[in-house]
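The opening residue of the sequence shown carries number 8 in the working numbering; numbering runs sequentially from there.
Cβ atoms here follow ideal geometry from the backbone N, Cα and C, with glycine treated the same way.
Working notes for the structure below.
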Amino acid sequence: MKAQLQSSFNSLLRDAEHLFSRQSYTSSLILASKAIFAFFDWKIYVLKGLVPANYEKRFEFVRYNFPNDLKDLEEVFTIYVKAYREDIGSDDAWEVLKLAKRFEDAITGSV
């Protein structure tokens, strides 16, 4: 499961970067957000040996186990939901992509 979560993160991040380079910002943001969600699922799996069943469970785990990361997760989720209602500009997409890339070292360094 750990390797599957790492692979999912890497694939989502690469696709998000590709879409960003093609100026498809809304799609890039959605995939970068999903990469971040995959990162937290991986982090929870490493700590607890399980994968959260849904967003509520993910937030609950992060709130109690990684409180310093909660603000980032909440902000990403808010923009992620917004992306399904309206087009996203390059600034929002870049901020989420940057955050996903920040987590890349942690998840790829543990292989």
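Simplified DSSP state of residue i, which is helix, strand or coil
i	result
Q13	helix
V118	With a pLDDT of 47 at V118, under the threshold of 50, the modelled position of this residue cannot be trusted; read the value that follows with caution. Here V118 sits in coil by DSSP.
E93	coil
P74	helix
S31	coil
Buried or exposed (CB count within 10 angstroms, at least 16 for buried), residue i
i	result
L54	exposed
K50	buried
A42	buried
Y32	buried
V69	buried
A10	exposed
Contact check, residue i vs residue j, beta carbons under 8 Å
i	j	result
F125	R65	Here the chain comprises residues numbered 8 to 118, so residue 125 is not present and cannot be evaluated.
A100	L12	no
L106	D76	no
A39	V88	no
F16	I114	yes
L26	S34	yes
Proximity test, Cβ basis, 8 Å: residue i and chain D
i	result
A45	In the displayed structure, chain D is absent; only one protein chain is listed.
Pick from the options that is closest to residue i, judged by C-alpha positions
i	options	result
R29	F73, S97, I114 and G56	S97
F110	M8, D48 and D94	D48
G56	M8, G116, E81 and E82	M8
query: Does the pairing of the region 48-67 with the region 19-27 give three or more beta-carbon distances under 8 Å?
result: no
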